[in-house]
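See structure below.
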Amino acid sequence: MSSTPESKPSALNPDNKKAPVTNSMPEHISLDKWADTGYEWAGEVEPSSFQRLATVLSTDHEQTKTQLDANLYRRNNVLHLAFTLTGNVWLTCQRCLQPVAIDLSDDYDIALLENESQVRLVNEEQDYLLLDEIITEQSPERLLPFKKLVEDEILLKTPMAPKHDDCEMTVEQFGEIPEEEESENPFAALASLKGKL
């Protein structure tokens with residue numbers, strides 16, 4: 001599926017410039033270029049293209065592409081990164097060691113704050129990050145680590161110990177189980193004395 005990133009129409013952007021068309025998910029978004037005009041990207045993403053996620057994916061099941069629709073926009077003078085994921089990943093069940101599907105489908109919206117004084121501009125339930133803490137690359141322009149932020153949210157959504165809801169743990173038995181010897185009930189002797197005293 002081809003993706004068509006484009007900027008949102010804006011009064012600040014009368015020409016309605018378009019972001020360059022790319023087929024693969026961008027690693028970064030230039031905030032110098034797109035923070036005021038907005039940025040959109042949609043496409044299908046291979047789960048294995050995320051480095052940290054790839055280490056926990058099941059190798060016993062074919063992974064399917066995940067649909068990602070992302071939007072960088074400004075609201076109340078606060079920059080937001082919103083995206084919708086649709087799809088699942090296959091991890092290894094920690095009980096039966098068979099593949100288990102984990103649904104990633106959800107809507108995410110992260111406020112990207114210039115400084116802590118902007119916290120009052122977002123709702124209490126709103127997830128937020130400080131731009132100074134997430135923009136770590138030294139370059140002439142400010143680059144938002146778009147792919148890393150999406151991967152962070154995916155990793156938060158995946159369980160640390162995935163398992164099927166109705167999973168029975170497989171137990172392998174080696175050798176024969178010894179039969180328990182019937183031992184004499186210690187209270188049987190007391191019961192026999194009951195009528196004699």
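For the sequence shown, position 140 (counting from the first letter as 1) is numbered 140 according to the UniProt record's numbering, and the numbering increases by one without interruption.
We treat Cβ as the ideally placed atom computed from N, Cα and C, and that holds for glycine.
Computed from a prediction, not measured in an experiment: that's the story for all the values here.
Inclusion of residue 38 and residue 25 in the CB contact set at 8 Å is not warranted, their separation being larger than that value. Approximately 6 Å separates the beta-carbon atoms of residue 131 and residue 114; this is inside 8 Å, confirming the contact. Contact between the region 95-106 and the region 69-79 is absent, with fewer than three C-beta pairs closer than 8 Å.
Annotation for residue 61: 90, 99 place their beta carbon closer than 7 Å to its own, counting only its chain and skipping 5 residues before and after.
In the DSSP assignment, residue 146 falls within the alpha helix (DSSP H) that extends over 146-157.
DSSP places residue 32 in no beta strand (DSSP E) but in the uninterrupted alpha helix (DSSP H) bounded by 31-34. Looking at the DSSP output, residue 44 bridges to 67. Taking the Cα positions, residue 121 is about 7 Å away from residue 76.
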